[in-house]
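Q:
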Amino acid sequence: MAPLGLYELRRMLADGLPAQLRRPLEFLFDGRLEPAERQVVDGVERIREAVARDPRGFRVVNRDGVVHPLTASQVAHRASINREWGTFLHLCSRSFGARTILELGGCAGISGCYLTASERCERFVTVEGSAELAALAAENLGRLSDRAEVVNSLFDDALDRLLPTFRDGIGLAYLDGHHKYEATLHYLERLEPYLGGGALVVFDDIRLSRGMWKAWRTVEGREGFAATVDAGRFGLAVWAGSTTTPVSHDLSLPLGFLRGVYTG
Ligand SMILES: C[S@@+](CC[C@H](N)C(=O)[O-])C[C@H]1O[C@@H](n2cnc3c(N)ncnc32)[C@H](O)[C@@H]1O
Numbered sequence: 127m128a129p130l131g132l133y134e135l136r137r138m139l140a141d142g143l144p145a146q147l148r149r150p151l152e153f154l155f156d157g158r159l160e161p162a163e164r165q166v167v168d169g170v171e172r173i174r175e176a177v178a179r180d181p182r183g184f185r186v187v188n189r190d191g192v193v194h195p196l197t198a199s200q201v202a203h204r205a206s207i208n209r210e211w212g213t214f215l216h217l218c219s220r221s222f223g224a225r226t227i228l229e230l231g232g233c234a235g236i237s238g239c240y241l242t243a244s245e246r247c248e249r250f251v252t253v254e255g256s257a258e259l260a261a262l263a264a265e266n267l268g269r270l271s272d273r274a275e276v277v278n279s280l281f282d283d284a285l286d287r288l289l290p291t292f293r294d295g296i297g298l299a300y301l302d303g304h305h306k307y308e309a310t311l312h313y314l315e316r317l318e319p320y321l322g323g324g325a326l327v328v329f330d331d332i333r334l335s336r337g338m339w340k341a342w343r344t345v346e347g348r349e350g351f352a353a354t355v356d357a358g359r360f361g362l363a364v365w366a367g368s369t370t371t372p373v374s375h376d377l378s379l380p381l382g383f384l385r386g387v388y389t390g
């Protein structure tokens, strides 16, 4: 599917897809990385392996707001972003030159490590409801960056305090927790007034459930975005901050996903 995907991507770029998405999306098809990027990936993956070996158990907040236990290996390999999509996040962070990044759903800090390891990132904040995971995320992020902050709180409570501190606008937002229709749109509504022009919003697991798919379909038609891309696992939306309605692009099929088919 890679040649078809690259062909589709070039067509979308020619049709006005924001150029910053070219390199991260190409990576999903050709897997190519520069040596410095590979070094970042290897460094984050070493952190993941250390998490998997941790003898402790952890508690996470699931999409229904219920706390439930996971082993360290489940935290590292199931709850955290995998290598491929983590690398994609890193490439987005670099390509968009995001100076400020906000993540909802910190877990052990693996996606945070990928996002914050860009030389352009000046401030990375992640919110995590589980105290022990927040502590682990802070430890892991601290190995790569002194610009990372972990807030141990429920998302809504953290946003009350955090959002006004993003005075120059958020450059990249990653929504990876509380995967429900109402919750996803609620957090987006809260973030929108603080998004900088050209900001990237990444929605994880848009095919997790009927509700998440419905939330993504809403984003695809939402005023204020310039462009959206259905990238299979992720929904990508580029903020215009004006009254435009987005041009919606679909790369799901060449990436191995079906449109409208969700898993849970
Ligand atoms: C899928 S995991 C995040 C994985 C992480 N982004 C990564 O890839 O490394 C979702 C996390 O969000 C947290 N979470 C879910 N709902 C939350 C809420 N309403 N407030 C705070 N944390 C929440 C969970 O405890 C869990 O650690």
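Start counting the sequence shown at 127; every next residue gets the next number (the numbering used here).
By construction, the Cβ of each residue, glycine as well, lies at the ideal position given by its N, Cα and C atoms.
Everything numeric in this text was worked out from a predicted model, so none of it was measured.
#1: Kindly indicate if chain D contains any beta-carbon less than 8 angstroms away from that of residue 189.
#2: Along the chain, which unbroken stretches of the alpha helix (DSSP H) at least 4 residues long are found entirely within the region 240 to 318?
#3: Nearest-angstrom Cα distance between residue 329 and residue 298?
#4: What's the C-alpha gap between residue 341 and residue 386?
#5: Short of 8 angstroms in beta carbon distance, which residues of its chain neighbour residue 260, apart from the five on each side in sequence? Order them along the chain.
#6: Hey, residue 247 and residue 206 are a contact pair by Cβ (cut 8 angstroms); roughly how many whole angstroms apart?
#7: Taking the Cβ atom as the reference point for each residue, do residue 243 and residue 270 lie within a distance shorter than 8 angstroms?
#8: Looking only at DSSP bridge pairs, what is residue 131 linked to?
#9: Roughly how many whole angstroms lie between the Cα atoms of residue 264 and residue 367?
#10: Residue 230: which of 221, 245, 252 sits nearest, CA to CA?
#11: In whole angstroms, what separates the C-alpha of residue 95 from that of residue 305?
#12: Does ligand 1 have a heavy atom nearer than 7 angstroms to the CB of residue 302?
#13: Does ligand 1 have a heavy atom nearer than 7 angstroms to the CB of residue 327?
#14: Assess, as a yes-or-no matter, whether the region 175 to 193 is touched by the region 208 to 224 under the definition of 3 or more beta carbon pairs within less than 8 angstroms.
#15: Examine the Cβ distances between the region 168 to 178 and the region 142 to 159 and report whether three or more of them are shorter than 8 angstroms.
#16: At a cut-off of 7 angstroms, is residue 237 close to ligand 1 when judged by its beta-carbon and the heavy atoms of the ligand?
#17: Using a 10 Å radius around the Cβ and a threshold of 16 neighbouring Cβ atoms, would you call residue 267 buried or exposed?
#18: Mind listing, in chain order, the continuous beta strand (DSSP E) runs of no fewer than 3 residues lying wholly within the region 154 to 219?
#19: Determine the DSSP secondary structure at residue 345, reduced to helix, strand or coil.
#20: Between the C-alpha atoms of residue 82 and residue 357, what's the straight-line distance to the nearest angstrom?
#21: From the DSSP output, in three-state form, read off residue 378 for me.
#22: Between the Cα of residue 190 and those of 134, 280, 154, spot the shortest distance and give me the residue it belongs to.
#23: Quick test of your reading: residue 362 and residue 370, contact by CB under 8 angstroms. State the CB separation rounded to the nearest angstrom.
#24: To which residues of the same chain is residue 311 closer than 7 angstroms at the C-beta, ignoring the five residues directly before and after it?
#25: For residue 166, I'd like the list of residues in its chain whose CB is within less than 7 angstroms of its CB, leaving aside the five on either flank, ordered along the chain.
A: So, from the data block:
#1: Chain labels in this structure do not include chain D; a single protein chain is all it has.
#2: 257 to 270, 281 to 288, 307 to 317
#3: Approximately 11 angstroms between the Cα atoms of the pair.
#4: Cα to Cα, residue 341 sits roughly 12 angstroms from residue 386.
#5: 232, 254, 276, 277, 278
#6: The pair is not a contact, with the Cβ atoms about 19 angstroms apart (cut-off 8 angstroms).
#7: yes
#8: Paired residues: none, contrary to the question.
#9: 32 angstroms
#10: 252
#11: The displayed coordinates of the chain run from 127 to 390. Any statement about residue 95 would go beyond what the structure contains.
#12: Yes, ligand 1 has a heavy atom inside 7 angstroms of this Cβ.
#13: Not under cutoff, so the answer is no.
#14: Three or more beta-carbon pairs separated by less than 8 angstroms are not found between the region 208 to 224 and the region 175 to 193, which leaves the two stretches without contact.
#15: no
#16: yes
#17: Sixteen is the threshold: when 16 or more other Cβ atoms of the shown chains lie within 10 Å of the Cβ of residue 267, as they do, the residue is buried.
#18: 183 to 187, 193 to 197
#19: helix
#20: The chain is shown only over 127 to 390; residue 82 falls outside these bounds and no answer can be derived.
#21: In the three-state DSSP reduction, residue 378 falls in the coil class, being neither helix nor strand.
#22: Residue 280 is the option with its Cα nearest to residue 190.
#23: Not confirmed; about 16 angstroms, so no contact.
#24: Excluding its 5 nearest sequence neighbours in each direction, residue 311 has C-beta neighbours in its own chain below 7 angstroms: 341, 344, listed in chain order.
#25: Closer than 7 angstroms at the Cβ level, and outside the excluded window around residue 166, lie 216, 243.
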